[in-house]
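For the sequence shown, the positions run 53 to 181 when this note's numbering is used. Glycine included, each C-beta is placed from N, C-alpha and C at the ideal position.
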Amino acid sequence: MRPSDRGSVTAEAAVGLPALVAVLGAALWAVGLIGAQLECVDAARAGARAVARGEPVVSVRAAAARSAPRGAEIAVSIVGEMVRVRISALIRPSWGLMLPAIRVEASASAATEPGVIDLSGRTPEGRMP
(Lines of atoms letter the chains of each structure in order from A and count residues from 1; the text may use other names and numbers.)
(Lines give C-alpha, C1' and ligand atoms only; values in the text may rest on other atoms or scores of the structure.)
Protein backbone atom coordinates (compact mmCIF):
# COMPACT_ATOMS: atom_id res chain seq x y z
CA MET A 1 0.00 0.00 0.00
CA ARG A 2 1.40 3.36 -0.94
CA PRO A 3 1.36 6.20 1.56
CA SER A 4 -0.86 8.29 -0.77
CA ASP A 5 -3.59 5.61 -0.63
CA ARG A 6 -4.09 5.83 3.12
CA GLY A 7 -7.70 6.75 4.03
CA SER A 8 -9.15 5.99 0.59
CA VAL A 9 -11.26 3.11 1.96
CA THR A 10 -12.73 5.43 4.60
CA ALA A 11 -13.58 8.03 1.95
CA GLU A 12 -15.22 5.42 -0.29
CA ALA A 13 -17.25 4.09 2.62
CA ALA A 14 -18.32 7.62 3.56
CA VAL A 15 -19.67 8.13 0.02
CA GLY A 16 -21.12 4.65 -0.50
CA LEU A 17 -22.89 4.14 2.83
CA PRO A 18 -25.46 6.97 2.46
CA ALA A 19 -26.24 5.76 -1.06
CA LEU A 20 -26.81 2.25 0.28
CA VAL A 21 -29.11 3.58 3.01
CA ALA A 22 -31.09 5.60 0.42
CA VAL A 23 -31.56 2.53 -1.79
CA LEU A 24 -32.61 0.42 1.20
CA GLY A 25 -35.10 3.12 2.28
CA ALA A 26 -36.60 3.29 -1.21
CA ALA A 27 -36.94 -0.49 -1.32
CA LEU A 28 -38.68 -0.57 2.06
CA TRP A 29 -41.01 2.24 0.97
CA ALA A 30 -41.90 0.29 -2.19
CA VAL A 31 -42.68 -2.81 -0.13
CA GLY A 32 -44.90 -0.71 2.15
CA LEU A 33 -46.79 0.71 -0.83
CA ILE A 34 -47.34 -2.73 -2.30
CA GLY A 35 -48.65 -3.94 1.06
CA ALA A 36 -51.07 -1.00 1.26
CA GLN A 37 -52.23 -1.68 -2.31
CA LEU A 38 -52.95 -5.31 -1.42
CA GLU A 39 -54.88 -4.19 1.67
CA CYS A 40 -57.01 -1.96 -0.56
CA VAL A 41 -57.66 -4.85 -2.96
CA ASP A 42 -58.68 -7.15 -0.10
CA ALA A 43 -60.93 -4.50 1.44
CA ALA A 44 -62.65 -3.73 -1.88
CA ARG A 45 -63.23 -7.42 -2.52
CA ALA A 46 -64.68 -7.98 0.97
CA GLY A 47 -66.96 -4.95 0.60
CA ALA A 48 -68.21 -6.00 -2.84
CA ARG A 49 -69.03 -9.50 -1.58
CA ALA A 50 -70.92 -8.04 1.39
CA VAL A 51 -72.98 -5.69 -0.80
CA ALA A 52 -73.72 -8.47 -3.27
CA ARG A 53 -75.15 -10.57 -0.44
CA GLY A 54 -77.50 -7.70 0.46
CA GLU A 55 -75.88 -6.53 3.70
CA PRO A 56 -76.59 -2.93 4.78
CA VAL A 57 -74.12 -0.27 3.64
CA VAL A 58 -73.03 0.33 7.26
CA SER A 59 -72.02 -3.33 7.56
CA VAL A 60 -70.30 -3.18 4.19
CA ARG A 61 -68.22 -0.18 5.23
CA ALA A 62 -67.29 -1.91 8.49
CA ALA A 63 -66.25 -5.08 6.63
CA ALA A 64 -64.14 -3.08 4.19
CA ALA A 65 -62.60 -0.92 6.92
CA ARG A 66 -61.32 -4.02 8.75
CA SER A 67 -59.05 -4.85 5.78
CA ALA A 68 -58.31 -1.35 4.48
CA PRO A 69 -55.33 0.80 5.46
CA ARG A 70 -56.01 3.23 8.31
CA GLY A 71 -57.82 6.37 7.14
CA ALA A 72 -58.98 4.87 3.85
CA GLU A 73 -61.97 6.28 2.00
CA ILE A 74 -64.67 3.73 1.16
CA ALA A 75 -67.15 4.38 -1.65
CA VAL A 76 -70.03 2.01 -2.35
CA SER A 77 -72.20 2.24 -5.46
CA ILE A 78 -74.98 -0.01 -6.66
CA VAL A 79 -76.33 0.27 -10.19
CA GLY A 80 -78.93 -2.24 -11.17
CA GLU A 81 -77.50 -5.70 -10.59
CA MET A 82 -73.87 -4.58 -10.20
CA VAL A 83 -72.15 -3.29 -7.09
CA ARG A 84 -68.81 -1.52 -6.93
CA VAL A 85 -66.69 -0.79 -3.88
CA ARG A 86 -63.73 1.59 -4.22
CA ILE A 87 -61.08 1.93 -1.52
CA SER A 88 -58.64 4.84 -1.60
CA ALA A 89 -55.93 5.72 0.92
CA LEU A 90 -53.07 8.18 1.25
CA ILE A 91 -49.93 6.35 2.34
CA ARG A 92 -46.97 8.11 3.91
CA PRO A 93 -43.85 6.41 5.26
CA SER A 94 -43.59 6.63 9.03
CA TRP A 95 -39.87 7.34 8.82
CA GLY A 96 -40.07 10.04 6.12
CA LEU A 97 -42.50 12.68 7.36
CA MET A 98 -41.25 15.18 4.79
CA LEU A 99 -41.94 12.83 1.87
CA PRO A 100 -45.21 13.34 -0.01
CA ALA A 101 -48.07 10.94 0.55
CA ILE A 102 -48.93 8.58 -2.29
CA ARG A 103 -52.51 7.58 -3.07
CA VAL A 104 -53.23 3.90 -3.55
CA GLU A 105 -56.65 2.67 -4.56
CA ALA A 106 -58.48 -0.41 -5.66
CA SER A 107 -62.00 -1.30 -6.67
CA ALA A 108 -64.00 -4.48 -6.92
CA SER A 109 -67.30 -5.22 -8.63
CA ALA A 110 -69.78 -8.01 -8.14
CA ALA A 111 -73.23 -8.99 -9.32
CA THR A 112 -75.92 -8.79 -6.65
CA GLU A 113 -77.71 -11.88 -5.46
CA PRO A 114 -81.30 -12.24 -6.71
CA GLY A 115 -83.68 -10.10 -4.69
CA VAL A 116 -81.13 -7.55 -3.44
CA ILE A 117 -82.49 -3.99 -3.68
CA ASP A 118 -80.28 -1.28 -5.21
CA LEU A 119 -79.95 2.33 -3.99
CA SER A 120 -82.79 3.53 -6.24
CA GLY A 121 -85.20 1.28 -4.34
CA ARG A 122 -85.68 -1.07 -7.27
CA THR A 123 -85.09 -4.77 -7.28
CA PRO A 124 -82.58 -6.08 -9.84
CA GLU A 125 -85.51 -6.95 -12.13
CA GLY A 126 -86.60 -3.29 -12.14
CA ARG A 127 -89.77 -3.72 -10.01
CA MET A 128 -90.47 -1.62 -6.95
CA PRO A 129 -90.55 -3.72 -3.75
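Option nearest residue i by Cα separation, candidates the options
i      : options                       : result
Ser102 : Leu90, Ser60, Arg118, Gln89   : Contrary to the premise, residue 102 reads as Ala rather than Ser in this sequence. When only C-alpha atoms are compared, the closest one is Arg118.
Ala82  : Ile154, Ala158, Pro70, Ala120 : Ile154
Asp94  : Arg138, Leu72, Leu142         : Arg138
Arg122 : Gly87, Ala104, Met150         : Gly87
Ser161 : Val75, Gly99, Glu107          : Gly99
Val128 : Glu64, Pro70, Val110          : Val110
Pro166 : Ala115, Ala104, Gly84         : Ala104
Close Cβ partners of residue i (< 6 Å) along its chain, the five nearest in sequence each way excluded
i     : result
Gln89 : Val156
Ala96 : Val137, Ile139, Ala158, Ser159, Ala160
Residues bridged to residue i [DSSP beta-bridge criterion]
i      : result
Leu135 : Position check: residue 135 holds Val in this sequence, whereas Leu was assumed. Paired residue(s): Ile130, Ala162.
Arg155 : Leu142
Glu125 : Ser140
Coarse secondary structure for residue i, derived from DSSP in three states
i      : result
Ser146 : coil
Ala141 : strand
Gly167 : coil
Ala120 : coil
Ala91  : According to the sequence shown, residue 91 is Glu rather than Ala. Of the three classes helix, strand and coil, the one that applies to Glu91 here is helix, per DSSP.
Gly106 : coil
Nonlocal neighbours in the same chain, by C-beta distance under 7 Å from residue i, ignoring five residues either side
i      : result
Glu91  : Ser119, Ala120, Pro121
Arg144 : Leu151, Ala153
Is it a yes or a no for the stretch 143-152 touching the stretch 127-135, going by three-plus beta-carbon pairs under 8 Å?
-> no
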